[in-house]
Each structure stands twice: as structure tokens, then as C-alpha cells.
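Okay, structure first, notes after.
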């Protein structure tokens, strides 16, 4: 099969999956307990019937489920995700697509990229020095970092780097609108300064598992005959490692990266909480706490869409990396 | 003219509790423009000998003794970097596995071009072009369509891959080619074609080839000289015709007898009884004595010297060389 038809098929699969997700996402929130009245007016249950009815009408939950679905689809196509219960009258889309998404994408994107690059470089080196001191020490370090709870790492970082050494700020995520910033660069600088803590925390938590996967893949590839051939050809060891071996060991790492892409928009609730980073992770936490169904629904849809898109992208990268993949 | 001279080579594997004497005191030469066939049962040290020459032994393997001269220069005295530069430029290697010798995610041409570029003195852009030109030429030499050089290994058949491997081995005009079981994975028709191709290239480029195989018929067909190995030791070396018609070592004779002949009368083939010895604890004296029908007390106690026999190029390691076996 040619590359073009392979991509076309994958694209169709993804669209189908997206439609299923939209339906599922709709149904999920209709069968969950609770209603707008409870969410907005609290859980006392002491709600006057007129209020309840007014709220039901406002959120359309009095309509038959089919009508609700049709309205949901129509609004969705217009980019309207409805209104939040808790932050009423702010639309859900304004809540998500704001500084919060930017904060999370920047935080997660930098952390993921950094962890990924570190994992690959150190995984390759450790594998090439199999069973040496370097290898054993790096396994010990990464296993430790991997099994340490992320919030505790965050707290340690705050304790030492803020409390003891005064190297990083305590917490928070600077906003461009803040009048204390003279221009964009002043903001950007302070923003990066605030990023250090959470990025370090997340990198420590991501890099362990990825390092082990990268190292394992490399070790497997080293056993392959074509590596022996490459060495027999008298190529430079660097070329053998980073061209011949790396490309083959890359495929599982692409899967790892594709799976991590959902974090890019879902954020890391624990880390964002520890560092008071105003991102999607915190927003999700709030939405769950206040049973803010429309907001949760919007967040779920966003994460699912990104997951579908990133696995589609991963499939294409697979085909690019390995010419044998055309199924 | 002597191209490769291996002198008293001993390669041992150091395992946790034992030391396996995979290659013990082996001496042989490969002449320029000649093919030396190395034959023997599996596990007798053929590949270990070849890997020792390439200095590509697995971590447990160590060359404990010996010298390996390629055109008068001792390869064992070279450091890692010098050896890396020598590889492929002066000696190249065809591996046992035709199917997996190429990296699946790079085109065949790319993998040949990269080694040409690596071995070039210049690192300019014209060097890259030159390399690709050479790739196409080498494809033509081995009878492949030059346009196929942009294909991936999985798009080649087994025979085509073996041809491409030969093209790769010849890419930097080496002086010595070590071919380790180059046709074992192929069917007899492709095998015949590949052997013919190797022979053609060898005559054309005056190449010295060390041809490793367990298949005596392949050796009979293509080699000028034959070296027979048994349990890490060389037992007999000589011209192909001498070995096949006047083989003096009992092992050589029994090995030849154990292969069916398609010419002449129909004889029952005679297998050599017993199994090769454990190389961690090789038998005292001649290593073949437990399986040898004419072994005497002497054979059990002393190691037979590797000595000249009938002609100057015929050497045998046996106290009873030439004696008839029942």
C-alpha cells in the first residue's frame, strides 16, 4: 500500500473515532447523577421548585435527550461548548481557551520535550555502556525518580530551591495583563523564572520511565545483525549509535510521546496545585470539585481530540521512520 | 604473494567458570587473488577465527596469542581507531545472515554510500555524489539494477540481498574479503549464481578471499586452497585438489566420505561417529583422538605438530598422516 492511501485510511479512522468520542462524551454526562440545580445552588437539596425549573430551562435539561443531543451537536460545530455551572455566565470555551491553556501547553510542552530528549540521550549512552557503572548508576537514579510521588518532588524543590537557596520563586504563573510588567520581555523573563520549579518537577517524574524504555529498546537493537554490520564497516561509533541504532529504537519512543501528548492539554493536576500554576489541571480539579459538568465535558472533549490527533500523527511518523509500515 | 598471514592465533572465551579454547594455535595464509576455503563442523572455531581477524569478538572473547599480518602489518598491534579505519577499506566481511545484514530503515544504497563516504579522504559534497556513482557501479557489477539502490532491504529477495551485500563488501575496493557462510541461507540455484559472482569479482579485482563454510561441495566448487578445522585447531591445509584426493588427516578423509557424491558409484555415506569435544576441557593430545579410528597411545598423550606433508603447501597435524583408515 502506498504512503498516501495509508495516511488517508488513518485519517478516516481518526474522524470516525472522533465522532464516537463526541457521542460518548455527550451520553456520559447525561447518565451521571446530579443536575444544574444541585450544582449551582449547592447540595442542600432545599431548592425552591421555581428555581429548579428555571435552571433546567436555562441549561436545556428539561428537553428530551434527542433534542439535547441535536442542540449539543449544533453548538459544538459552532465552537460553542455551553456555559459553566460554577463560573456562570462565562462560556466553557472562554474558560479553557485562555491563559490557562497557554500555561499548561507551555509547562507540559517544555517538560515533555526536555524529558524526551534527556531520556533518549541518556538511554542511548547507558545502553552502549551496558552493565557499566554509568549504566547502573543511571538506572538507580531514574528508578528512584520514577517511583517518587510527583507532589513530594515538587514540595522538596520548593523547600530547597525556594526556601533554602532562594533560586526560584515560590509559585504562581505570571500573566501578561499584569500591570507590573513593562513590556512583553519583562513578562516572558519572569514567566520562565516561574517555570523552572514545575518544569524540573515534571521532568524528574517523566524522565525515569522514558529513560528505561529508551535504554531497553536500544539494548534490543544492539543485538541485531545490522548493528554488527555497521560496526564491521568501520563506521564511527557515534554514527552506529545515533543513526543505525537510534532510528530503529525510535518507534516505541514515538508511542510514548504520542501518549504523553494528552498531558499537553490535560495538564498535571498535582504539579499545578503544588506550584499554584493556573492551568488546565487546576481547572479540571475545580470542575470536578464543583460538579461543573459543562466544563468537564469541554475538557474531556479537548483531551480526547488531542489524543486522537496525536496518535494519528504518531502513525504517520511511524510510516516515515520505518518503510515497512504501510498497513 | 601472501596477503593475509595468521600466525599461532589463539582465541579463548573467558566464561564464568571455564575458559573455552575456541581457536588454538592456528596458522594459515591467504594468497593474493586466491580463495581459501575454511571448512569444519559447527562450533570448530571458523567464525571465531574470522571475527578475530576483524577484531570483532564478543566481549567474552579474547585473543590470547598470535599475530595477524595483512600485507605485512600486524592487525593486532593497531589501536581501536586505526582498526576502524582499516575495516572495509582493506578487509571487508560478508556475514552469515544475508537477511538481516542491512538496516531495515535505511535504503540499501544509503548503507553502501555511507561507508564509501566514511572511507573517503575528502568530506565534500562532490564526495557524496561520487559515492552514489560508485554505489550504482557496484550494483551493476553484482548484477543488480542500479535504480534499485533507492529501495529498502525488505523490498529485495534473498538472492538480491546477498548480491547487494557483495556490492557493499566491494564498495571500498578491499584487498581481503572474509565471507562467512555467504550462501548457506540460499537455495542451490541462487547459491550457484552467487558463487559464480564471487569468483568473477575475485578474478577481476585480484582479491584474496577467506571463504568459511561447512559445506564441502561449495569448497570443492570454488576454492583454490582448503583449510580444515577441528575443535579449534587446524588439522590440514593444502590445495583443493590435494585435500580432496590426497587428504592425509583422518578427519579430512572422514569428512569427505561423509558427503554423498553424485558421480561414481552409489556408496553408503559414512558419518563420523561421536561428537566434537567440549572446548572448555579439550582432550589431551590430538583433539580428534576420541573419534579417530587409527589413534594410538601417542595421539592420546602428545599434540601432533602441524608439519609439511607431501608438497610444500600441504601441511597436516597428525602422527599417522596418510595412513589408511578402515
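Protein chains in written order, with our numbering: chain A, 1 to 327; chain B, 1001 to 1326.
Glycine included, C-beta positions come from ideal geometry on N, C-alpha and C.
All values reported here derive from a predicted model rather than from experimental measurement.
As a quick exercise: from the options, pick the residue whose alpha carbon is nearest that of residue i.
i: residue 952(B); options: 1093(B), 1317(B) and 1269(B); result: Examination of residue 952(B) is not possible in this model, given that chain B is present from 1001 through 1326 alone.
i: residue 1273(B); options: 1280(B), 1290(B) and 1285(B); result: 1290(B)
i: residue 29(A); options: 2(A), 17(A) and 72(A); result: 72(A)
i: residue 1076(B); options: 1315(B), 1088(B) and 1063(B); result: 1063(B)
i: residue 257(A); options: 307(A), 26(A) and 226(A); result: 307(A)
i: residue 80(A); options: 253(A), 287(A), 70(A) and 91(A); result: 91(A)
i: residue 104(A); options: 209(A), 259(A) and 198(A); result: 198(A)
i: residue 314(A); options: 226(A), 273(A), 282(A) and 255(A); result: 255(A)
i: residue 1306(B); options: 1162(B), 1029(B), 1234(B) and 1217(B); result: 1234(B)
i: residue 1285(B); options: 1164(B), 1109(B) and 1297(B); result: 1297(B)
i: residue 1182(B); options: 1171(B), 1159(B) and 1174(B); result: 1159(B)
i: residue 128(A); options: 166(A), 180(A), 240(A) and 274(A); result: 240(A)
i: residue 1087(B); options: 1066(B), 1101(B) and 1056(B); result: 1056(B)
i: residue 1345(B); options: 1242(B), 1294(B) and 1278(B); result: Because chain B spans 1001 through 1326 in this model, residue 1345(B) falls outside it and cannot be assessed.
i: residue 1072(B); options: 1002(B), 1048(B) and 1054(B); result: 1002(B)
i: residue 1036(B); options: 1248(B), 1108(B) and 1202(B); result: 1202(B)
i: residue 108(A); options: 143(A), 280(A) and 70(A); result: 280(A)
i: residue 216(A); options: 135(A), 171(A) and 67(A); result: 135(A)
i: residue 1308(B); options: 1254(B), 1248(B), 1041(B) and 1102(B); result: 1248(B)
i: residue 173(A); options: 113(A), 159(A), 166(A) and 189(A); result: 189(A)
i: residue 224(A); options: 322(A), 211(A), 244(A) and 27(A); result: 244(A)
i: residue 1151(B); options: 1137(B), 1094(B), 1010(B) and 1164(B); result: 1164(B)
i: residue 273(A); options: 323(A), 294(A), 151(A) and 147(A); result: 151(A)
To which residues does DSSP link residue i through a beta bridge?
i: residue 1002(B); result: 1031(B)
i: residue 1308(B); result: 1315(B)
i: residue 1209(B); result: 1035(B) and 1177(B)
i: residue 65(A); result: None, per the DSSP bridge assignment.
i: residue 1011(B); result: 1023(B) and 1063(B)
i: residue 1074(B); result: 1069(B)
i: residue 961(B); result: Nothing can be reported for residue 961(B), as the shown portion of chain B is limited to 1001 through 1326.
i: residue 1267(B); result: Paired residue(s): none; residue 1267(B) is not in a bridge.
i: residue 91(A); result: 83(A)
i: residue 1094(B); result: 1179(B)
i: residue 1087(B); result: 1091(B)
Report yes if the C-beta of residue i is less than 7 Å from at least one heavy atom of the ligand GTP; otherwise report no.
i: residue 1192(B); result: Questions concerning the ligand GTP fall outside what the structure shown contains, since it holds no ligand whatsoever.
Do you know how far the Cα of residue j is from the Cα of residue i?
i: residue 1230(B); j: residue 1276(B); result: 8 Å
i: residue 1200(B); j: residue 1098(B); result: 20 Å
i: residue 176(A); j: residue 184(A); result: 7 Å
i: residue 291(A); j: residue 213(A); result: 38 Å
i: residue 130(A); j: residue 196(A); result: 32 Å
i: residue 1238(B); j: residue 231(A); result: 33 Å
i: residue 1192(B); j: residue 1271(B); result: 26 Å
i: residue 53(A); j: residue 22(A); result: 27 Å
i: residue 1019(B); j: residue 1283(B); result: 14 Å
i: residue 1022(B); j: residue 1005(B); result: 19 Å
i: residue 18(A); j: residue 326(A); result: 22 Å
i: residue 187(A); j: residue 318(A); result: 39 Å
i: residue 20(A); j: residue 12(A); result: 13 Å
i: residue 304(A); j: residue 96(A); result: 14 Å
i: residue 1259(B); j: residue 1269(B); result: 6 Å
i: residue 205(A); j: residue 234(A); result: 39 Å
i: residue 298(A); j: residue 93(A); result: 7 Å
i: residue 312(A); j: residue 14(A); result: 7 Å
i: residue 309(A); j: residue 85(A); result: 29 Å
i: residue 1206(B); j: residue 221(A); result: 36 Å
i: residue 1100(B); j: residue 1168(B); result: 14 Å
i: residue 1251(B); j: residue 1070(B); result: 30 Å
i: residue 209(A); j: residue 142(A); result: 7 Å
i: residue 121(A); j: residue 252(A); result: 15 Å
i: residue 1089(B); j: residue 1118(B); result: 10 Å
Taking only runs that begin and end inside the region 215-282 of chain A, name each unbroken alpha helix (DSSP H) of 4 or more residues, in chain order.
As for any alpha helix (DSSP H) of minimum length 4 sitting wholly inside the region 215-282 of chain A, the runs are 225-232, 246-266 and 269-274, ordered along the chain.
For the region 220-244 of chain A, which residues have a CB atom closer than 9 Å to at least one CB atom of chain B, in sequence order?
Listed in sequence order: 224, 225, 226, 227, 228, 229, 230, 231, 232, 233, 234, 235, 236, 237, 239, 243 and 244.
Which residues, taken in chain order from the region 243-258 of chain A, show a beta carbon closer than 7 Å to some beta carbon of chain B?
Cβ contacts with chain B come from 244, 247 and 248.
Given a limit of 8 Å on CB to CB distance, which residues of the region 294-327 of chain A reach chain B?
The residues in question are 321, 322, 323 and 324.
Using a beta-carbon distance cut-off of less than 9 Å, what residues from the region 1091-1108 of chain B approach chain A?
Closer than 9 Å at the C-beta level to chain A, one finds these residues of the region 1091-1108 of chain B: 1092, 1093, 1095, 1096, 1097, 1099, 1100, 1101, 1102, 1103, 1104, 1105, 1106 and 1107.
Where are the alpha helix (DSSP H) runs, 4 residues long or more, that stay fully inside the region 132-217 of chain A, in chain order?
Those alpha helix (DSSP H) runs which fall completely within the region 132-217 of chain A and span 4+ residues are 133-147 and 150-157.
Quick one: which residues of the region 1132-1161 of chain B get their C-beta closer than 7 Å to a C-beta of chain A? List them in chain order.
Listed by position, the residues of the region 1132-1161 of chain B near chain A (Cβ gap below 7 Å) are 1152 and 1154.
Taking only beta carbons into account, state which residues of the region 1055-1072 of chain B come closer than 8 Å to chain A, listed in chain order.
For the region 1055-1072 of chain B, which is checked against every Cβ of chain A, the residues closer than 8 Å are 1056.
Please give me, in chain order, every unbroken run of the alpha helix (DSSP H) with length at least 4 that falls completely inside the region 1116-1172 of chain B.
For the region 1116-1172 of chain B, whole alpha helix (DSSP H) runs of length 4 or above, ordered along the chain, are 1125-1141 and 1158-1169.
Of all the alpha helix (DSSP H) runs that stay within the bounds of the region 1242-1307 of chain B, which reach a length of 4 or more residues?
Secondary structure in the region 1242-1307 of chain B: the alpha helix (DSSP H) runs of 4 residues or longer, each lying completely within the stretch, are 1250-1257 and 1297-1301 in chain order.
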